[in-house]
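Down below is the structure, laid out as structure tokens.
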Amino acid sequence: MKTLLPTSTAGSLPKPSWLAEPETLWSPWKLQQQELADGKQDALRVSLHEQQLAGIDIVSDGEQTRQHFVTTFIEHLSGVDFENRKTVKIRNRYDACVPVVVGEVSRQKPVFVEDAKFLRKQTTQPIKWALPGPMTMIDTLYDDYYHSREKLSWEFAKILNQEAKELEAAGVDIIQFDEPAFNVFFDDVNDWGIATLERAVEGLKCETAVHICYGYGIKANTDWKKTLGSEWRQYEEIFPKLQASNIDIISLECQHSRVPMELIELVRGKKVMVGAIDVASNNIETPEEVADTLRKALQYVDADKLYPCTNCGMAPLSRHVANGKLQALSTGAEIVRKELLK
Ligand SMILES: [Zn+2]
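So for the sequence shown, this note's numbering puts the first residue at 3; every next one is plus one.
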């Protein structure tokens with residue numbers, strides 16, 4: 003990336019109200035069949051345009067073509083039964099009625115590759131594409147076939163690698179894996195979680211990122227955060243192994259979180275997407291607040307490796323708030339860029 007402090011978002015952005023119920027997470031589609039297919043493409047164009055207007059450097063599809071960041075991917079795989087669901091606890095936090103693994107999982111055809119090609123045609127800017135990570139995928143399912151979290155994770159890693167290679171061929175510059183589960187299951191992360199993630203990026207020449215956050219601003223997550231104490235040191239458990247991994251970029255939650263900034267020192271040498279926008283609040287940060295977070299992060303990340311970003315996806319926010327936050331991110335990054343170039 004030639005731009006200093008290139009800005010991006012962690013992933014999802016609000017959908018237009020004609021496509022899905024606004025300000026609702028995992029909201030069902032309002033259109034069907036061809037109208038839905040066309041509507042998703044139109045929404046992707048709008049989302050891209052809003053990122054461009056705000057001056058975002060690394061753009062994305064805003065996840066306009068998916069309902070859920072994990073299940074939309076899994077829906078395209080065989081071996082998973084979406085009809086007869088079972089209730090499990092997601093990330094040890096909230097109950098969800100989830101699909102069941104009933105046979106060997108495999109990818110019959112590409113999932114997001116056509117969407118990525120469509121985005122690639124709309125812009126010459128660097129593009130980032132998000133996929134769920136293997137560990138977060140298994141945590142969103144009931145496994146009635148492999149009976150091993152690790153085994154299923156390796157299977158998903160192989161499938162993700164097939165998809166990632168095709169996304170790379172479609173012109174994606176950064177492939178990001180969303181692994182909020184990394185903040186919960188530390189022993190598994192260190193035993194096989196990072197290894198399966200490395201399997202997912204095997205052979206890729208484009209840049210790779212892992213997004214580890216404390217989740218969307220939904221009640222189950224904000225309640226959980228209240229139990230974490232005055233300092234959130236979850237990252238500390240997994241950073242040493244991540245630092246030694248071959249993942250290029252680590253995407254973190256830093257704005258208004260209680261993560262001690264000095265933990266970033268543990269991944270020194272990696273590129274870091276520093277979350278400088280709180281997605282669990284409707285207050286739009288001032289550019290100065292964003293700049294302040296970035297300045298703090300600069301104590302632990304070299305300037306050429308710092309990528310200003312949002313804490314997490316912004317799908318549940320209103321478009322007005324999300325656009326304001328994108329603008330603040332961009333203006334805040336510009337303040338610090340100027341200071342660095344003085
Ligand atoms: Zn997130």
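Cβ coordinates follow ideal geometry from the N, Cα and C atoms, glycine included.
- Between the stretch 47–57 and the stretch 135–147, the count of C-beta pairs closer than 8 Å stays below three; the two stretches do not touch.
- Secondary structure within the stretch 205–257: the alpha helix (DSSP H) runs of 4 or more consecutive residues, fully enclosed, are 221–228 and 236–245 (chain order).
- For H78, the CB contacts under 8 Å within the same chain, skipping 5 residues up- and downstream, are R109, Q110, K111 and V113 in chain order.
- In the structure shown, G195 adopts helical secondary structure according to DSSP, grouped into three states.
- Taking C-alpha positions only, S155 is separated from M137 by approximately 6 Å.
- With three or more CB-CB distances shorter than 8 Å, the stretch 252–272 counts as touching the stretch 201–216.
- Closest in C-alpha terms to T198, from the list I249, D40 and K91, comes I249.
- The C-beta separation of I92 from F184 comes to about 14 Å, leaving the pair out of contact by the 8 Å criterion.
- Taken from the Cβ of A12, at least one heavy atom of ligand 1 lies inside 7 Å.
- With fewer than three CB-CB distances shorter than 8 Å, the stretch 62–74 does not count as touching the stretch 155–174.
- In this structure, S14 lies away from C311, with their beta-carbon atoms at least 8 Å apart.
- For the pair K130 and I58, the CB atoms are not nearer than the 8 Å cut-off.
- The straight-line gap separating the alpha-carbon atoms of E209 and V203 is approximately 9 Å.
- Counting the other Cβ atoms within 10 Å of the Cβ of C314 gives 16 or more, which makes it buried.
- Taking the Cα of G231 as reference, the smallest distance to any Cα among A222, V261, W194 and P242 is reached at V261.
- A buried status is given to T67, since no fewer than 16 other beta-carbon atoms sit within 10 Å of its beta-carbon.
- Residue environment analysis places W194 among the buried positions, since at least 16 neighbouring C-beta atoms fall within 10 angstroms of its C-beta.
- V274 is not a Cβ neighbour of I286, given a cutoff of 8 Å.
- Residue environment analysis places S80 among the exposed positions, since fewer than 16 neighbouring C-beta atoms fall within 10 angstroms of its C-beta.
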